[in-house]
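Scroll down for the structure; my scribbles are underneath it.
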Amino acid sequence: MLNQVATVEGIVRWEIYHRLQDLEIPCKCSSGSPLTVDISSPNHLIQFWKISQRVNASRTELVQILENNWRLVD
Numbered sequence: 001m002l003n004q005v006a007t008v009e010g011i012v013r014w015e016i017y018h019r020l021q022d023l024e025i026p027c028k029c030s031s032g033s034p035l036t037v038d039i040s041s042p043n044h045l046i047q048f049w050k051i052s053q054r055v056n057a058s059r060t061e062l063v064q065i066l067e068n069n070w071r072l073v074d
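So the sequence shown is numbered by the working numbering: it starts at 1 and just counts up by one.
Following this line, the structure appears as structure tokens:
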């Protein structure tokens, strides 16, 4: 087990928090405090990384990802 704690500050922490809650990944966030995520498995780490990547990506990067995924389906 990894048993690491990650913290995220700024407005994006709420979007990340809600997505982690949907995935049942242990995390805490309160007004004026950073998001704290309990990363206890490789799966949690990968999901946290992907969510953080998506939230911080530019619109252009997100469009590229979507287009690449559509090409994989064809």
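Note that the Cβ used here is the ideal one computed from N, Cα and C, for glycine as well.
task = Please go through the region 8-66 and give each complete beta strand (DSSP E) segment of 3 or more residues, from N-terminal end onward.
result = 35-39
query = Of all the options 35, 50, 57, which has the alpha carbon lying nearest to the alpha carbon of residue 42?
reply = 50
ask   = With DSSP run on the structure shown, which of helix, strand or coil describes residue 73?
value = helix
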